[in-house]
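**Student:** Here's a structure for you.
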Amino acid sequence: MDLPITFIQRTRPLLGEEWEDFKKSLEEPSPVSIRLNSKKIDVNTCIEEGVAWCSKGFYLPKRPQFTFDPLLHAGCYYVQEASSMFISQILKQYIGNEAVKVLDLCAAPGGKSTLIADAISNESLLVSNEVIRSRANILSENLAKWGFPNVVVTNNDPADFAKLEGFFDVVLVDAPCSGEGMFRKDAGAINEWSEANVKLCKERQQRILRDVWPSLKAGGLIIYSTCTYNLDENEQNVQWISEELDAEALPVDIEPDWGVNPSLMNGIPAYRFFPHKIKGEGFFCAVLRKTGEDNPKTRKFKPAKEKPSKTTLSAEARDYIKDKENHIYYQNKDSWYAFNKSLYPDVQYLKSALHIISEGVCLGEYKGKDFIPNQSLAMSQLLDKGAFPICELSWEQAISYLRKEALMLDNQPKGYILLTYKDMPLGFVKNIGNRANNLYPQEWRIRSADIPREEVRVI
Ligand code: SAM
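Right, here's the structure in full:
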């Protein structure tokens with residue numbers, strides 16, 4: 000691997016005697032790992048080698064054709080490199096079962112948001128934000144597939160969050176960075192690297208942190224992470240947060256045999272992942288507690304004005320979800336949504352300040368007398384599977400459905416049918432007798448026509 004000379008000059012002194020091992024590890028193939036959705040499937044059923052710092056993470060012996068595993072599309076797992084799963088260790092230690100409001104500020108495509116959704120309690124709220132619109136759509140798709148209901152996806156600049164003073168208990172800034180830790184996985188990252196870009200990234204990271212800072216409550220946690228090795232974007236930024244923004248860096252429990260490297264600057268608790276010491280890519284993270292006090296007067300709650308619903312939701316549609324007593328139903332534009340009742344005032348508050356891309360569970364919409372169920376309902380952890388006739392698909396049929404082809408279903412009633420693969424919901428069709436209309440979202444469909452001959456089985 001041809002590393003930039005300046006990168007070598009800057010990184011070699013950081014690693015000392017370990018430099019040669021580090022360099023060698025960059026020539027090796029990237030490990031493949033997935034993280035299971037414990038709110039959809041039993042994590043104990045997996046037989047693969049586990050990721051030491053995340054009980055839901057597993058390594059695979061080789062890279063399968065993930066696109067052709069229907070369970071990936073059903074949100075049963077997420078393909079995520081192992082080092083980043085360390086965030087789960089932080090959440091386990093510092094949050095546990097507490098009900099919290101979490102902001103994932105730089106969230107697309109959604110690796111860490113799906114991890115957070117799996118780690119927090121069912122009474123918690125996740126706001127998952129991405130500033131780039133096209134990436135916010137991918138984020139929204141991945142979160143819909145994951146199916147955690149208490150989530151709001153936003154498309155805002157970090158500065159827009161300043162209005163939500165003291166709102167969040169936890170803010171994750173998985174910052175855009177110079178990407179040194181991705182050199183092995185993504186050759187493009189090498190070409191884009193320059194010393195000037197490291198400086199630019201550091202400045203941008205500080206701007207992002209300063210902008211979002213008011214939205215974190217006093218005593219709340221900021222988790223800061225990057226996938227780069229240099230001190231500038233890592234320890235120096237943690238020091239900057241402590242000194243400029245007022246926070247205290249906290250230790251995270253690690254086991255010595257995990258191979259996690261301590262901080263490279265004395266007195267600054269932080270955690271580093273090097274590919275020659277762990278099975279994963281380069282990663283850095285630290286957790287800090289915001290010190291100081293909140294201004295009790297600053298939170299002005301101004302719920303967005305809601306238009307009265309144009310229609311009423313039928314009792315039948317209310318029964319599409321489990322735990323319906325604890326949910327509020329409301330209409331937004333033409334669609335009907337369900338959201339956890341106790342968190343709904345927070346959603347209204349967010350609506351008054353942010354650009355919302357998706358929220359809670361979209362149940363569907365009326366077209367004439369027909370209520371057309373939405374894909375988000377099929378994917379939701381709240382779906383009551385008993386509410387629809389179910390048709391279990393073979394692998395070939397499932398791939399055909401995910402490619403948005405028309406299906407022929409034998410012995411099925413007319414109307415809306417929930418399709419499953421290995422008992423996991425994939426989406427809806429409307430069976431009209433001689434064929435079934437495919438309701439899978441056009442933008443989500445599998446585009447590749449290079450279909451493997453044999454079933455792809457990952458878990
Ligand atoms: N957390 C994501 C995950 O685990 O899947 C990966 C996030 S990636 C490291 C950083 C993200 O920050 C990108 O999605 C990028 O679009 C976004 N970003 C870029 N510039 C930004 C800015 N100025 N403010 C906030 N986010 C930015």
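First residue of the sequence shown: 0, per numbering that gives the first Met the number 0; consecutive thereafter. Ideal Cβ positions, reconstructed from N, Cα and C, are used throughout, including at glycine. All values derive from a computational prediction rather than experimental measurement.
#1: From which residue to which residue does the beta strand (DSSP E) around N339 run?
#2: For D375, which residues in the same chain have their Cβ closer than 7 Å to its Cβ, ignoring the five residues on either side in sequence?
#3: Among N43, A73, D231, V78, whose alpha-carbon lies nearest the alpha-carbon of G426?
#4: Threshold first: 3 residues or longer. Then list the beta strand (DSSP E) segments lying entirely within the region 107-189, N to C.
#5: Is L381 near L124, with beta carbons less than 7 Å apart?
#6: Measuring only the C-alpha atoms, how far is G109 from I115?
#7: Which runs of the beta strand (DSSP E) at least 3 residues long sit entirely within the region 214-285? Give them in chain order.
#8: Can we say the region 86-95 touches the region 50-60, given the rule of at least three CB pairs closer than 8 Å?
#9: What residue from Y223, D210, I4, V101 has the CA that sits closest to L349's CA?
#10: Please say whether Y365 and T310 have beta carbons closer to each other than 7 Å?
#11: So, are the CB atoms of L220 and V169 less than 7 Å apart?
#12: Quick one: residues in its chain with C-beta nearer than 7 Å to the C-beta of S241, no 5 flanking neighbours on either side, listed in chain order?
#13: Among the candidates R456, I458, L14, whose CA atom is the shortest distance from the CA of L230?
#14: Assuming M423 is part of the beta strand (DSSP E), what are its boundary residues?
#15: Can you tell which of C75, S83, P12 has its C-alpha closest to the C-alpha of K278?
#16: How is N410 classed by DSSP in three states: helix, strand or coil?
#17: Quick check: is any heavy atom of the ligand COA less than 6 Å from the C-beta of R134?
#18: To the nearest angstrom, report how far apart C200 and G180 are at their CA atoms.
#19: Apply the 10 Å Cβ neighbour rule to P30 and answer buried if 16 or more other Cβ atoms are within range, or exposed otherwise.
#20: By alpha-carbon positions, which one of D293, L138, Q79 ends up nearest to A106?
#21: Does G385 come out as helix, strand or coil in the three-state DSSP assignment?
#22: State the DSSP-derived secondary structure class of I207, mapped to helix, strand or coil.
#23: Quick one: any contact between the region 32-42 and the region 222-237, if contact means 3 or more CB pairs under 8 Å?
#24: Tell me which residues share the same chain as I267 and place their Cβ nearer than 7 Å to its Cβ, disregarding the 5 neighbours each side in the sequence.
#25: Quick check on DSSP: helix, strand or coil for N96?
#26: Applying the criterion that 16 or more other CB atoms from any shown protein chain within 10 Å of the CB defines a buried residue, is T227 buried or exposed?
#27: Kindly confirm or deny that the region 417-434 and the region 394-402 touch, where touching means at least three C-beta pairs closer than 8 Å.
#28: To the nearest angstrom, report how far apart F65 and V457 are at their CA atoms.
#29: Can you give, in chain order, each stretch of the beta strand (DSSP E) that sits fully within the region 26-63 and has at least 3 residues?
#30: Beta carbon of A106: closer than 6 Å to some heavy atom of the ligand SAM?
**Tutor:** The relevant details are as follows:
#1: 334-339
#2: Rather than Asp, the amino acid found at residue 375 in this sequence is Ser. Same-chain partners within the cutoff: A143, V360, C361.
#3: A73
#4: Within the region 107-189, the complete beta strand (DSSP E) runs of at least 3 residues are 124-128, 150-153, 167-173.
#5: no
#6: 10 Å
#7: 215-225, 246-249, 270-272
#8: yes
#9: V101
#10: yes
#11: yes
#12: E247, A248, L287
#13: L230 has its Cα closest to that of L14, out of R456, I458, L14.
#14: 423-430
#15: S83
#16: coil
#17: The ligand content of the structure shown is limited to the ligand SAM, which means the ligand COA is not among them.
#18: Distance between the alpha carbons of C200 and G180 is about 14 Å.
#19: buried
#20: L138
#21: helix
#22: helix
#23: A contact between stretches requires three or more CB pairs, one per stretch, nearer than 8 Å, and the region 32-42 fails this requirement with the region 222-237.
#24: E234, V237, Q238, A248
#25: Note: N96 maps to coil in three-state DSSP.
#26: Label assigned to T227: buried.
#27: The region 417-434 vs the region 394-402: in contact.
#28: Between F65 and V457, the alpha-carbon positions lie close to 8 Å from each other.
#29: 31-35, 53-59
#30: yes
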